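Below is one structure, written out as structure tokens; the observations come after it.
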Amino acid sequence: MTTGAARLFLALSAACLLLESAIAGEIPLPERRSGYEFMSRETRAMQDDDNGNPATLWVLDGEALWKRKAGAADRACSDCHGDARENMKAVAARYPAFDPALRRPVNLEQRINACRVGRQKAPALAYESKDLLALTAYVARQSRGLPVAIAIDERTRPFLEAGREAFFRRQGQLNLACAQCHDDHWSGKLAGSSITQAHPTGYPLYRLEWQGLGSLERRLRGCLVGIRAEPYAYGAPEFVDLELYLMWRANGMKIETPAVRP
Amino acid sequence: MARAIVNVPSQAKRGEIIEIKTLAAHPMETGFRRTQLGELIPRDIIRRFVCTYNGAEVFRVDLYPAVAANPLIAFNTTATETGTLSFQWVGDNGYSVTEIAPIRVE
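As structure tokens, this is what we get:
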């Protein structure tokens, strides 16, 4: 190989690598670690055993709700979607997803509520209510073990960029950006707790601190209050943009729903 | 709606030690917490859990406010004869849940 050709080859492979890392997210796949890997042996055992995982209670409730008729249309989720085990497989792995009617991405909770209002003619379920968490957990449970697969196209790219911008933006009285902890110091500790890489692969999840199931937005509110920033309201577009960025950043990692976290 | 989950092996050999796992959906409100307005949230806990095997008590737990929400109780017993295991949780505000699980012993 001539020197010129070798240089060209190097430049091309460097460009390929750059392109690849831009597609794969900020932390390369081999270095990415789920929150699971930062947990104690006991907490891992709790997540691994369905009979000991308290989130199973919500999943079972979700299964009952899936089959229950609701609203003026007197229809159950299963009347349109059939068996969730088959038809909801891998769905949670691609949410937040673009909604053509709203012309912006929606998360899984918003999608479930859109179905409730639009198809079942029933009132929307409140964020963090037991029923919405149960249904979301049941739907997301069907994607367990499958890789996160957020596909970005021209329609969703502006929202992804908005989410990324929020992740790198210093905010709150402590003037901290998400990235300062979760990209730069994820091997460290904060007041005895592990700082993780912030991959939202197990939501909705059972958090021991909460003594219950909670959504990713509830977790994000906790982080925002922690840096003394004013948290967004549940379902705010800024939240969904950030969720989209975080899920995209976890592309290729396995869904763990319903996970357990300390 | 699911209020309790019990996990018992459906069959076992006579004399075998079996593991039983139970999970009850319960907030286990301690009675020490206050709302943002300063009002005390009344206590609401499971007070007792009992497991009987063909009518005979094999395991009993008294629970107190320090126990976490959705308590997981796992224990062992010896498989003696074919029959049913009955589980009962009793607590504040008239809370009472009963589950049964059959077991076949060879």
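Top to bottom, those sequences are chains A and B. Start counting at 1 in the first sequence, then tack on 2, and there's your number in the numbering used here. Start counting at 1 in the second sequence, then tack on 972, and there's your number in the numbering used here. A virtual CB, placed ideally from N, CA and C, is assigned to each residue, including glycine. Source: prediction; values computed, not measured.
When the beta-carbon positions are compared, H201 of chain A and S42 of chain A stay at least 9 angstroms from each other. An exposed status is given to P999 of chain B, since fewer than 16 other beta-carbon atoms sit within 10 Å of its beta-carbon.
Nearest C-alpha to E167 of chain A among A:E156, A:D155, A:L176 and A:A181: A:A181. The C-alpha of R157 of chain A lies about 15 angstroms from the C-alpha of R96 of chain A. For the options B:F1021, B:T1002, B:R1019 and B:R1020, the alpha carbon positioned closest to that of L1012 of chain B is the one of B:T1002. Contact annotation: in the segment 52-63 of chain A, residues whose CB is within less than 7 angstroms of a CB in chain B are N53, G54, P56, T58, L59, L62 and D63.
With a contact defined as Cβ atoms closer than 8 angstroms, Y38 of chain A and A261 of chain A qualify at about 7 angstroms.
If you check the CB distance, Y1025 of chain B and G987 of chain B do not come in under 9 angstroms. Within the segment 24-104 of chain A, the complete beta strand (DSSP E) runs of at least 3 residues fall at 99-101.
At least one beta carbon of chain A lies nearer than 9 angstroms to the beta carbon of N979 of chain B. Going by DSSP, A164 of chain A is part of the alpha helix (DSSP H) stretching over R159 to F170.
Rounded to whole angstroms, the gap between the alpha carbons of W1061 of chain B and D1034 of chain B is 10 angstroms. A contact is defined here as three or more CB-CB pairs under 8 angstroms, and the segment 64-81 of chain A fails this definition with respect to the segment 219-236 of chain A.
Counting along the chain, G1066 of chain B sits inside no alpha helix (DSSP H), nor does DSSP assign it H or E at all. When DSSP states are grouped into helix, strand and coil, G190 of chain A belongs to the coil group. Close partners of Q213 of chain A in chain B (Cβ separation under 9 angstroms): P999, M1000, A1040, A1041 and N1042.
By the Cβ neighbour-count rule, N1065 of chain B is exposed, with fewer than 16 other Cβ atoms within 10 Å of its own.
If the five residues before and after A1038 of chain B are omitted, its C-beta is found closer than 8 angstroms to the C-beta atoms of T1002, all from its own chain and listed in chain order. G73 of chain A sits close to P125 of chain A, with the two beta carbons spaced by under 9 angstroms. For L1012 of chain B, no CB of chain A lies under 9 angstroms from its own CB, so it is not counted at the interface with that chain. Within chain A, no C-beta atom comes less than 7 angstroms from the C-beta of L1009 of chain B; the nearest is roughly 20 angstroms away. Close CB contacts of V1069 of chain B within its chain, under the 6 angstroms cut and outside five residues either way in sequence, are with R975, A976 and W1061 (chain order).
Distance between N177 of chain A and H187 of chain A, taken at the CA atoms: about 16 angstroms. Chain A has no Cβ within less than 9 angstroms of the Cβ of A984 of chain B. Counted as a single uninterrupted DSSP element, the beta strand (DSSP E) harbouring G216 of chain A occupies residues G214 to G216. A contact is defined here as three or more CB-CB pairs under 8 angstroms, and the segment 105-125 of chain A fails this definition with respect to the segment 52-61 of chain A. Using a 10 angstroms sphere on the CB of P160 of chain A, the tally of other CB atoms stays under 16, which defines it as exposed. Taking a cut-off of 8 angstroms on C-beta distances, the segment 204-222 of chain A touches the segment 130-150 of chain A, as three or more cross pairs fall below it.
Setting aside the 5 residues that flank it on each side, A179 of chain A is surrounded in the same chain by F169, F170, R171, R172 and Q173, each with a C-beta closer than 8 angstroms to its C-beta; the list follows chain order. Identification of chain A residues near L995 of chain B by a Cβ-Cβ cut-off of 9 angstroms yields N53, G54, N55, P56, T58 and L59, ordered along the chain. Chain A has a Cβ within less than 9 angstroms of the Cβ of A1046 of chain B.
Burial check for V150 of chain A: the Cβ neighbour count within 10 Å reaches 16 or more, so the residue is buried. Residue burial is scored here from C-beta neighbours: I989 of chain B has fewer than 16 other C-beta atoms within 10 angstroms and is therefore classed as exposed.
Classified as buried, A136 of chain A has 16 or more neighbouring CB atoms from the shown chains inside 10 Å of its CB. Nearest to D243 of chain A by C-alpha distance, out of A:R118, A:L162 and A:L207, is A:L162.
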